[in-house]
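Have a look at the structure below, then the notes.
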Amino acid sequence: MSLEGLSHLIKGLEGQESWQVQRQFRLVLKHWPKAVGFAVARKTRPTGIQRETLYVATATASWAQTLSYERYNILKKLNQHQRQPLQGIRFSTAQWSRSENPNPPLKSNEQHPSYIGQVPSIAVQDAKTIRHTPAEAFGLWAATLQEMQKVQAVCPQCRCHCPQGELDRWMICALCAAKRMS
462 MSLEGLSHLI
472 KGLEGQESWQ
482 VQRQFRLVLK
492 HWPKAVGFAV
502 ARKTRPTGIQ
512 RETLYVATAT
522 ASWAQTLSYE
532 RYNILKKLNQ
542 HQRQPLQGIR
552 FSTAQWSRSE
562 NPNPPLKSNE
572 QHPSYIGQVP
582 SIAVQDAKTI
592 RHTPAEAFGL
602 WAATLQEMQK
612 VQAVCPQCRC
622 HCPQGELDRW
632 MICALCAAKR
642 MS
């Protein structure tokens, strides 16, 4: 039995068909900054490949939308380095805050910064049994919002109530963050 280097062992594993996607993903990671530019690479992160589609996390929804218009140019640049070409790219903010695992399982909307938790059931229970006038419906909606605001944080910039996830992500509410980015 001869001793072989770790790189030789990894190449042998990656040569197996079950490791093709991992090798393809490593090539994407290697060439991503050159394909999109270093400024864009700082605001994006490839997270995985599934069914010949590359999934990319973006810092904001506007980055995701802008890059989706450029996806064919990006694919063309990335596929120059691939044995098996990628067929598509999906951009999303969903996995931006997850940095440890590049390919984590998808979770519910609880990961989104605007998630507010369980909505108080004032309006829901009452609305199931009785049809309300617009004024009554508005009153139930307002009461629901007041209950939600009792547990929400306050934006340090505009002093409005907002989900804690927004403050964790941007240090201000989503509306103030959008104003600052524009």
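Following the working numbering, the numbering of the sequence shown begins with 462 at its first residue and continues without gaps.
Here a beta-carbon is modelled for each residue, glycine too, at the ideal position from N, C-alpha and C.
Note that the coordinates shown come from a computational prediction; the quantities given were computed from them, not determined experimentally.
Return the CA-CA distance between residue i and residue j, expressed in angstroms with no decimal places.
i: I550; j: W631; result: 26 Å
i: Q477; j: K504; result: 33 Å
i: G626; j: L467; result: 42 Å
i: M642; j: A614; result: 22 Å
i: I471; j: H492; result: 19 Å
i: E465; j: R487; result: 22 Å
i: N534; j: V612; result: 46 Å
i: E608; j: A525; result: 34 Å
Please list the terminal residues of the continuous alpha helix (DSSP H) segment that includes residue i.
i: A604; result: P595 to Q610
Around the Cβ of residue i, are there at least 16 other Cβ atoms within 10 angstroms (buried) or fewer (exposed)?
i: Y516; result: buried
i: Q485; result: buried
i: P452; result: The requested residue 452 does not occur in the structure, where the chain is confined to residues 462 to 643.
i: V497; result: buried
i: A638; result: buried
i: C616; result: buried
Who are the near neighbours of residue i in its chain, counting only those whose CB is closer than 6 Å to its CB and skipping five residues on each side?
i: Q556; result: T508 and A518
i: K538; result: A496
i: P494; result: A502
In the DSSP assignment, find the unbroken beta strand (DSSP E) run with residue i in it and report its ends.
i: T508; result: T505 to Q511
i: A555; result: Per DSSP, A555 belongs to no beta strand (DSSP E) and is neither H nor E.
i: A520; result: Note, A520: premise wrong, no beta strand (DSSP E); not H, not E.
Enumerate in chain order the residues of its own chain whose CB-to-CB distance from residue i is below 7 Å, with the five nearest sequence positions on each side excluded.
i: L490; result: P507
i: S529; result: F552
i: L474; result: W480
Determine, using beta carbons only, whether residue i and residue j come nearer to each other than 9 Å.
i: T514; j: Q548; result: yes
i: Q618; j: I633; result: yes
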